[in-house]
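Using our numbering, you'd call the opening residue of the sequence shown number 1 and step up by one each time.
No residue lacks a Cβ here, since even glycine has one placed at the ideal position from N, Cα and C.
Below is one structure; the comments refer to it alone.
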Amino acid sequence: MELLKELCNAHGISGFEDDVRSIMGREFRKSCDSVHMDSFGNVIAKKGKKGRRIMLAAHIDEIGFIVKHINEKGFISFVKIGGIDDRLLINQRVVIKSRKGNVSGVIGSKPPHLQKDEERKKVIKHDELFIDIGASSKKEAQKRIEIGDPIIFEPNFGKFNKNIFYGKAIDDRLGCYILLKIMEKIPKNINAEIFAVGTAQEEVGLKGARVAAFKINPDYAFAVDTTIAGDTPMIKETESNLKMGKGPSITITEASGRGVVT
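This is the structure we're talking about:
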């Protein structure tokens, strides 16, 4: 599982997927006929030369943040990239990727000891939080980071047992890993054109997948992604009847329009 670990620990929020794209390109080249990166940031690999065109896709980006402001005391304000629940942010460890190297930080808030009763009852929004990197001033912080630098949750890949893994960006580096393994197993003389696409900027609107789909114009397309396990507390069977360890799930239909079945 070293490859899955490398993928999950890589830095790659939407629009800043270079590290993940590099890993995907390296691994695709071991088994595919051709590999290239398009101008949008997708990495596209191909096997086969004739027949139906089949597109397999997994997104290479992850949710995260971008440095928005540095105050006079060296604390950092940030904006969210992708759908992140504000309730999960307090005390999270993060890593800022700057041109001068990676910088560790912790997301902080007003101490609960100083909060009024009504404050404790509210969800603290991300724009009321800050990142502490241990700087004592704006000048000191600016020696290490800049406005616009991307931020990820601190990598923490590990496993509960031999079959269950955890880590930041499992969504969708697990899909990327599966995509690589699928392409390894497909024979080079297959009677079809198989395109495997590591798509960019999925977390901010499926952008890379749209670009790749219009370019490849596949007869069939499959997206490999994570979903909700229904065998965890407080999830009704009508919301999800999926169970861990029982194999992959397939969404039978979704109202996506244009004859799309997902």
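Each residue's CA atom was taken as its position, placing ASN156 and ASN91 some 15 Å apart. Taking a C-beta distance under 8 Å as the contact criterion, ASP61 and SER98 do not qualify as a contact pair. Scanning LYS207, LEU242, ARG93 for the CA closest to the CA of GLY82 turns up LYS207.
In the DSSP assignment, THR199 forms a beta bridge with HIS59. Leaving aside the five residues that flank LYS138 on each side, the residues in its chain whose CB is nearer than 6 Å to its CB run, in chain order, ILE70, GLU72, GLY74. With a threshold of 16 other beta carbon atoms within 10 Å, GLN201 meets it and is buried. Excluding five sequence positions before and after LEU89, the CB atoms of its chain that fall closer than 7 Å to its own CB belong to ILE107, HIS126, LEU129, given in chain order. Straight-line measurement puts the Cα of ARG210 at about 15 Å from the Cα of ASP219. Distance from the CA of TYR166 to the CA of PHE160, rounded to the nearest whole angstrom, comes to 7 Å. Taking the C-beta atoms as reference points, ALA45 is found no nearer than 8 Å to ALA223. According to DSSP, residue pairing for HIS69 in a beta bridge involves SER77. Our two residues, VAL43 and ILE84, have alpha carbons roughly 25 Å apart in a direct line. Between PHE28 and MET234, the gap from beta carbon to beta carbon reaches 8 Å or more.
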